[in-house]
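Protein chains in written order, with this note's numbering: chain A, 1 to 440; chain B, 1001 to 1479.
For every residue, glycine included, the Cβ atom is placed at its ideal position computed from N, Cα and C.
A quick note: this is a predicted structure, and the numbers were derived from the prediction, not measured.
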Amino acid sequence: MRASFDALIDHLRGCLAPAEAFTAWFQGESSDFVRMNQGKVRQPGSVSQRTLSIDLIRGQRHAGGTIGVCGDANLDRERVTVMVDTLRAALADVPDDPFHLYHHSSEHTEMAGRDALPDAAEVTARVLDRARGLDFVGIYAAGRVYRGFASSFGQRNWFERASFHLDFSVYLRADKAVKGAYAGETWNEDDFAARLQTAVAELEVLGRPPKTIEPGTYRVYLAPPAMAEILSVLSWSGFGEKSHRTKQTVFLKMLTGDARLDERITLTENTADSTGPAFGSAGFLKPSRVELIKKGQYVGMLCSPRSAKEYGVPTNGARDDEMPQALDLAPGNIPTSEVTARLDTGIFVSHLWYLNYSDRPAGRITGMTRFATLWVEKGRVVAPLNVMRFDETIYRIMGSNLLGLTRERDFILDNDTYYQRSTGCTRVPGALVRDMRFTL
Amino acid sequence: MLETIAARFNSVLPKASDCAYCAARIVEERSERMSVRQDVLQPLAIDHDLGVMITVMHGGGYGYAATSDVSEAGLRAAVDRARTWAAKTASRALDYGSIALPHPRGAYRTPVAKHWAGMSLGDKIRLLSDYSRKLKVHPDIVDWEASLWRCEQTTLLVTNGGGRVTQELTFVAPRLSVTANRGAETQTRSLGMFDRSQQGGLEVLDRARLDHWCEVLPLEAMQLLTAPNCPTGPRDVVLMPDQMMLQIHESIGHPLELDRILGDERNYAGTSFVTLDMFGTYQYGSSLLDVTFDPSRGEQQASYAFDDDGVPAEKVHVIRAGVLERPLGSVFSQARAKMGGTANARAASWNRPPIDRMANLNVEPGTSTFAAMIAAVEKGIVMTTNCSWSIDDSRNKFQFGCEKGQLIENGQLGAVVKNASYRGVSATFWRSLSAVGDTATMEVLGTPFCGKGEPNQVVRVGHASPVCRFDGVDVFGGE
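Printed below as a string of structure tokens:
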């Protein structure tokens, strides 16, 4: 794949006319996907895809295009040539772009992880053997992902990583299920077996008569996957330079000084310990860490090259959408082993689902409980809870009502496969919250 | 190029005795995206994608392999990979032996009145620049943008039984958005997330009435800055088509997808409160509710002649006079559920396998005029343009928010309110439908961003709807 990328870039360089420059961004994957339902294989398959995005630059004008490339050198050269011609024609119509910023560097980086993945069909067989007798549903996704950057100034960056992600649920009946995940770079049968066993053990509680609660406020423990969902919705607008400058951030009240989070909340974009590339599509290298919220106060933003030029501030190599790719919420001091005791009486929320803003300027979000959400009394799990909707501000959940964060954190690999497999990740603890408002 | 790839596929086809069913779905997509934000042209994007999905069914197994390598060697490798999957997983697969996919022949093309190429790139940029300038009417307008997205998707489905279907779909999607801010208050008015996306050419822009919205949206955004919050409590709610679209999508469309009912989506998009035994008898809504799966409406986003399994598509009722008739289920799901369905096996592109999706799912028009609908309300609210959506994994408990609300008091439209939101339960909400607008209130809308599936897929869906009224809904506002 790397050789193919290099050959494409060499050809692209040869397509340039005088006074033209380019930046190029390569994305590829060779992935296996096995979808399962009711302990059987629903859809098994493989996807091999690669794209090259070219930004053709002449002075302050530029035009971008993305082509699918296939690895056949002749076909790919032809497609690159046609795209460059198309972009060159477009340059006649576009005005100068005052906010175009790209990296003028010739630095090289390379990161290529080892590939120790077993055959996907064999993994599937082992998984379904272990899950025999269970209503097991989910997906195994595995393979290599590739990212590359190059420019006519001589810069080259390459990233490739082989990984797997088994995202599964074990159902008892209707919507009563336990969610599990196993992800990494090396498949270990015992690790998976342990995770499956944990899920199966939790099914026992789901067999009890479910409890339905009335709308109101309840003490809750938000397990790390639930907290990850909250951070995910905050990522839509919470951490980008553009959303702050245009007052569309969910943290608007923090920006105006009308609200703040608890001082135990410290959020960082932690690229150094991430699973993705440390470079972006405009060639800028990402710093190891970007502090976003420190001790409850807003301190920094993710800033794309375009926002940097527009607002006259330095870029930190963020994507165009300025969403975090490696969000890290600092741990607290509550041992995870003590959370049900400290919850005392309330709701143990294992997962949240379908979050959205219900009043963005006020920092209010809504969403549903999902999977094994449990009713706890006096530190003991009593019954599964029928799904409930919450509608609450972030300033209460992670502010005035926060009782503490867990000492241990989950390292959650992003299971997003829209268009291609994600390289994102999140480090997140659980959170004990005094009151959370449930509405339906 | 597609013909060349089809010829290559035919040259690498295995013998029928070695492969009962083998198909190539070749997809070529060309798109252009342009946007003028705050009077500055944003980076232009001109994309070209091409690839092939190979599907194999043999010996009770199923497998797929998708590749952007459209050389003969690439196609041969993909066929081999798909066959290997079918062989290696047959003993653990759902029973594919009883399912027969068709070998159809046919063609479909989007009706286009004004061709995209009839306007130069420079003129399109100037048009968007004009719209952008019109949106900035006040210093409190802090962000504004006019966008245009065009996509041409050609699909050639070739099967080893002589099937051959060509479909050429063209989409045009305009969008306007304007955001106003004062202190800790920010309000946005927009044409949704490309809700005005339709099939067709430049005539889509005419139908979207962008000149009209350029004048209205910034004024409404300013008005919302000082508007009171939506009141709390039960009210009759009149939903405009750009909110009906979301209501149909989330609380009729997704719950009726047969693959959800069969459990395929339980690990990701979720299950459904609808069960197989409810079809034919369940009172989903009031007797005013007629919902159709309609792939025949030329300008609507998800119109086509064949789905991605090659099944001919036709208009059918899924809910008639409020009673649930049939699910949104493709050939695979129909066989598993042993009931009829629709031609709705759809894939995001060549790199994803088809699954049960909504296509065009429409509420049929009724007889109420908009004026009569408002006049009959003692205490109510009109809600316009979705901006917040959330629903449980059984597609039952929902909460939706709109950019703009306008109160109705004693049959008269009154004050504009901000953060207009409502919540309800799908299983009972549609039974409170008390008026369905006539054809004059109807709009043909949709979204290009319906997400579902493992691996994840985004597809275009269409929702045409009249204005509708629901009685006694739980409404509320912001903080």
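- Query: Just by C-beta distance, which residues in the stretch 383-403 of chain A are closer than 9 Å to chain B?
  - Reply: So the close ones are V387, M388, R389, D391 and T393.
Below 8 Å on the Cβ atoms is my contact criterion, and I expect L1225/B with R1182/B to pass it. Report the Cβ-Cβ distance as a whole number of Å. Cβ-Cβ separation between L1225/B and R1182/B: approximately 5 Å, consistent with a contact (criterion under 8 Å).
Should V84/A be flagged as near chain B, meaning a C-beta pair shorter than 7 Å? Judged by the 7 Å Cβ criterion, V84/A is not in contact with chain B.
Legend entry - Option in M1001/B, G1097/B and G1063/B with minimal Cα separation from E1072/B: Nearest to E1072/B by alpha-carbon distance, out of M1001/B, G1097/B and G1063/B, is M1001/B.
Counted within 10 angstroms of its Cβ, other Cβ atoms place N1410/B as buried (16 or more) or exposed:
Result: exposed.
Check: Since H62/A meets chain B, which of its residues come closer than 9 Å, beta carbon to beta carbon?
Finding: Listed along chain B are P1043 and L1044, each with a C-beta nearer than 9 Å to that of H62/A.
For chain A, check one thing: does any of its Cβ atoms lie closer than 7 Å to the Cβ of Y1282/B? Taking 7 Å as the threshold, the shortest C-beta distance from Y1282/B to chain A does not fall below it.
(request) Can you grab the Cα-Cα spacing for the pair Y1131/B / D1123/B, in whole Å? (result) Each residue's Cα considered, the two are about 12 Å apart.
Q) Excluding five sequence neighbours on each side, which residues of the same chain lie with their C-beta closer than 7 Å to the C-beta of E1185/B? A) Beyond the five residues adjoining it in sequence on each side, E1185/B comes within less than 7 Å, by CB distance, of L1225 in the same chain, given in chain order.
Are any of the Cβ atoms in chain A nearer than 7 Å to that of H1115/B? Chain A has no Cβ within less than 7 Å of the Cβ of H1115/B.
ask   = In this structure, does DSSP put H29/A in helix, strand or coil?
value = Position check: residue 29/A holds Glu in this sequence, whereas His was assumed. Strand.
Q. First and last residue of the beta strand (DSSP E) that includes V82/A?
A. Unbroken run through V82/A is the alpha helix (DSSP H), A73 to L91; no beta strand (DSSP E).
From P1234/B, G1059/B and D1140/B, residue whose alpha carbon lies closest to that of G1477/B: Among P1234/B, G1059/B and D1140/B, the Cα nearest to that of G1477/B is on P1234/B.
*asked:* Taking the beta carbon of P384/A as the centre, do at least 16 other beta carbons fall within 10 Å, making it buried, or is it exposed?
replied: Within a 10 Å sphere around the beta-carbon of P384/A sit 16 or more other beta-carbons, which makes this residue buried.
Just the chain A side, please: which residues come within less than 9 Å of D1143/B by C-beta, in chain order? The contacting residues are K242, R245, T246, K247 and Q248.
Identify every residue that forms a DSSP beta bridge with V1112/B. According to DSSP, V1112/B bridges with nothing at all.
Can you tell me whether L1276/B is buried or exposed, with buried defined as 16 or more other CB within 10 angstroms of its CB? L1276/B comes out exposed.
Q) Is it true that the stretch 323-330 of chain A meets the stretch 418-434 of chain A, where meeting means three or more beta-carbon pairs spaced less than 8 Å apart? A) Counting Cβ pairs under 8 Å, three or more are found: they touch.
Could you check the C-alpha separation between Q325/A and P361/A for me, to the nearest Å? Rounded to whole angstroms, Q325/A to P361/A spans 23 Å at the Cα level.
For this session: Can you grab the Cα-Cα spacing for the pair I334/A / L432/A, in whole Å?
Result: Going by C-alpha positions, I334/A is about 9 Å away from L432/A.
Can you tell me which residues form a DSSP beta bridge with P384/A? Residue pairing by DSSP places P384/A opposite L374/A in a beta bridge.
Worksheet item: Mind checking Q43/A: buried by the 16 CB within 10 Å criterion, or exposed?
Response: Label assigned to Q43/A: buried.
Open item on the list: For F1470/B and S151/A, I'd like the C-alpha separation in whole angstroms.
Closed with: Cα to Cα, F1470/B sits roughly 57 Å from S151/A.
(Q) I'd like the ranges of any beta strand (DSSP E) spanning at least 3 consecutive residues and lying wholly in the stretch 1135-1191 of chain B. (A) 1141-1159, 1164-1182 and 1185-1190, all fully within the stretch 1135-1191 of chain B.
_Nearest-angstrom Cα separation, counted from Y221/A out to S350/A_ = Approximately 8 Å, taken between the alpha carbons.
query = How would you label H165/A, buried or exposed, when you count the other beta carbons within 10 angstroms and need 16 or more for buried?
reply = In the assembly as shown, H165/A is a buried residue. Its beta-carbon has 16 or more other beta-carbons within 10 Å.
Do S1197/B and A1173/B count as a contact pair if the criterion is CB distance below 7 Å?
A1173/B places its beta carbon less than 7 Å from that of S1197/B.
* Other residues of its chain near D1474/B: CB distance less than 7 Å, five sequence neighbours each side excluded -> Taking D1474/B as the centre and dropping the five residues before and after it, the same chain places the C-beta of P1234, Y1422, R1423 and G1424 closer than 7 Å to its C-beta, in chain order.
Give a yes or no on whether the minimum CB-CB distance between D1277/B and chain A is below 7 Å. Not an interface residue.
Note to self: With a threshold of 7 Å between beta carbons, is K378/A in contact with chain B?
What the structure shows: Cβ-Cβ to chain B under 7 Å: no for K378/A.
Beta-carbon separation of L292/A and L267/A under 7 Å? A contact, by the Cβ cut-off of 7 Å.
Contact with chain B by V41/A, beta-carbon distance below 7 Å: Chain B, which has a Cβ nearer than 7 Å to the Cβ of V41/A, makes this yes.
Notebook entry, point to check: On the three-state DSSP scale, how would you describe E408/A?
Noted result: Of the three classes helix, strand and coil, the one that applies to E408/A here is strand, per DSSP.
Under 7 Å from the C-beta of P1228/B: neighbouring residues of chain A: Here the premise fails: no neighbours, minimum Cβ distance about 14 Å.
Please identify the residue among D6/A, L117/A and E20/A whose C-alpha is closest to the C-alpha of L91/A.
Out of D6/A, L117/A and E20/A, E20/A has the C-alpha closest to the C-alpha of L91/A.
Quick one: is Q1243/B near chain A, going by C-beta distance under 7 Å? Under the Cβ distance rule, Q1243/B does not count among the residues neighbouring chain A, no pair being separated by less than 7 Å.
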